[in-house]
């Protein structure tokens, strides 16, 4: 069965410094992986997706993620944090078997300090 | 247009009330989803509709009743809810297996 582990529940960075949000997945096949962001009291917005094309995936707002099969990881990075990046981030895998059920990680709360 | 809309944005209801949540998408997606999200938790899947038919019910109590009137609309009828049902209710749609889901802004429900 598929699963997702987000290794940090909270990450705090200073504005202008790099962001690293870590995600490991477990899957017996080549998965579809996503990162979503959720600002307070808002819905989820898709940041980027991996669907077995290029292993380095570029998303919106300067975020990117690298799929590493050997490490079963899909870490999210951004070179320079902005105050508006403060939010909850979810790493998600799409479950095989129809109906596109999503399996969510527990989430990482990103705080950005001036 | 990748927008999913949800109404109302906020809803306060008593335990004896009947209310409905509405979701709409015009992306031609044939799969639509209802999620429940409690504070500081990831969304939990409630229902999946595929081609306007209920495909998955994640053992949701019968006080929640979904309906898919057509391929663009999804409703969630609420009756005799409990205070612990207070949460953010999210709707999403998707092209299908392996594709991303697009989420609406959610309805913040408070049961008094």
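Residue numbers (the numbering used here), protein chains in the order written: chain W, 1 to 114; chain Y, 115 to 226. Every residue, glycine too, gets a C-beta built ideally from N, C-alpha and C.
Beta-carbon separation (whole angstroms), residue i vs residue j, contact threshold 8 Å
i	j	result
residue 208 of chain Y	residue 145 of chain Y	5 Å
residue 81 of chain W	residue 15 of chain W	6 Å
residue 72 of chain W	residue 24 of chain W	6 Å
residue 62 of chain W	residue 78 of chain W	5 Å
residue 223 of chain Y	residue 151 of chain Y	Incorrect: roughly 11 Å between the Cβ atoms, too far for contact.
residue 100 of chain W	residue 128 of chain Y	Contact flag wrong, Cβ pair sits at about 35 Å.
Spatial neighbours of residue i in its chain, beta-carbon cut-off 8 Å, leaving aside the 5 residues before and after
i	result
residue 102 of chain W	34, 92, 93, 94, 95
residue 196 of chain Y	129, 177, 225
7 Å Cβ shell around residue i - same chain, five flanking residues per side excluded
i	result
residue 122 of chain Y	221
residue 117 of chain W	Residue coverage of chain W in this structure runs from 1 to 114, which leaves residue 117 of chain W outside it and unanswerable.
residue 74 of chain W	23, 25, 33, 50, 65, 67, 91
Contact with chain Y by residue i, beta-carbon distance below 8 Å
i	result
residue 25 of chain W	no
residue 59 of chain W	no
6 Å Cβ shell around residue i - same chain, five flanking residues per side excluded
i	result
residue 179 of chain Y	191
Residue-level contact to chain W via CB, residue i, 8 Å cutoff
i	result
residue 164 of chain Y	yes
residue 173 of chain Y	no
residue 183 of chain Y	no
residue 222 of chain Y	yes
residue 219 of chain Y	yes
**OP:** Answer yes if the region 1–8 of chain W comes into contact with the region 56–65 of chain W, meaning at least three C-beta pairs across the two stretches below 8 Å, and no otherwise.
**Re:** no
Original post:
Closer than 9 Å, Cβ to any Cβ of chain W: which residues of the region 185–217 of chain Y, in chain order?
Top reply: 202, 204, 205, 206, 208, 209, 210, 211, 212, 213, 214, 215, 216, 217
**OP:** Quick one: which residues of the region 138–159 of chain Y get their C-beta closer than 7 Å to a C-beta of chain W? List them in chain order.
**Re:** Hits within the stretch, in order: 145, 156, 157, 159.
Original post:
Can you list, in chain order, the residues of the region 12–45 of chain W whose Cβ is nearer than 8 Å to any Cβ on chain Y?
Top reply: Answer set for the region 12–45 of chain W: 32, 34, 36, 41, 42, 43, 44, 45.
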